[in-house]
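One structure is given below, encoded as structure tokens.
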Amino acid sequence: MMELSFENQPLQLIEHDGRLWLKSADIARALGYARSDRMGRVYDRHQAEFSASMTTILRTPSLGRGSPPLEERLFSLRGAHLLGMFARTAKGVAFRRWVLDQLESIEAQNKANRSLMAEWYEAKAELDNQQRFASLCGKGLNDHRRRKPTLTQRVMQIADRIQPSLLLT
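As structure tokens, then:
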């Protein structure tokens with residue numbers, strides 16, 4: 001888990017369903033609310049403005065017999081920004097700006113990390129489509145024989161860049 005900090009207030013990023021989320025209690029503390037349940041109330045008042053990608057409920061199994069599972073509302077960074085828009089605290093403006101900076105930073109990191117994989121998937125898809133086309137007709141087979149070596153070489157080059165070799169000394 002990754003942790004962010006807003007004005008010396010830690011906010012824990014939770015990975016859930018392949019996305020990054022913030023706990024509503026952490027957002028409430030960062031915005032300067034005395035009670036951690038305030039974000040739930042703000043969300044309830046403006047629920048129609050939140051999309052499904054902005055909030056979710058994390059259910060964790062209970063620790064005791066007969067007690068219900070624990071539920072905690074999580075917000076994406078976009079959802080946290082929207083909460084900051086509705087917050088009536090002095091820290092709201094600074095929090096919104098900070099969340100947008102975090103979004104840009106994470107998007108830049110993801111773009112750098114995913115670009116090589118995206119390139120590989122595109123090259124692999126092009127090779128696979130070419131092979132499917134080759135099976136349709138004789139002309140497609142001739143075209144496939146001509147294009148396959150360059151497509152295969154491109155996929156292999158990208159795969160080599162994805163998997164760095166270890167230097168043994």
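Residues in the sequence shown are numbered consecutively from 1, following the UniProt record's numbering. Beta carbons: idealized from backbone N, C-alpha and C, even for Gly.
* Supposed contact pair Ala87 and Leu31 - C-beta distance, whole angstroms, cut 8 Å -> Between Leu31 and Ala87, the beta carbon gap of about 5 Å places them in contact (Cβ cut-off 8 Å).
* Reference Leu77; option with closest CA among Ala90, Gln130, Val99 -> Val99
* Asked: Is the Cβ-Cβ distance between residue 174 and Glu72 less than 8 Å?
  -> In the structure as shown, the chain begins at 1 and stops at 169. Residue 174 is therefore absent and cannot be evaluated.
* Would you tell me roughly how many angstroms separate the C-alpha atoms of Arg158 and Glu126, rounded to the nearest one? => The question names Arg, yet the displayed sequence has Ile at residue 158. If you take the alpha carbons of Ile158 and Glu126, they lie about 13 Å apart.
* **Nonlocal neighbours in the same chain, by C-beta distance under 7 Å from Gln130, ignoring five residues either side** => Cβ within range, chain order: His144, Arg147, Lys148, Leu151.
* Mind checking Asp26: buried by the 16 CB within 10 Å criterion, or exposed? -> buried
* Secondary structure of Lys148, DSSP reduced to three states -> helix
* Taking C-alpha atoms, which residue in Asn8, Gln9, Ile14 lies nearest to Met2? -> Answer by Cα proximity: Ile14.
* Which of helix, strand or coil does DSSP assign to Glu119? -> In the structure shown, Glu119 sits in a helix (DSSP, three-state: H, G or I).
* Asked: Considering only C-alpha positions, which residue in the set Ala80, Met117, Tyr33, Arg132 is nearest to Asp101?
  -> Ala80
* For Met156, the three-state DSSP class (helix, strand or coil) -> helix
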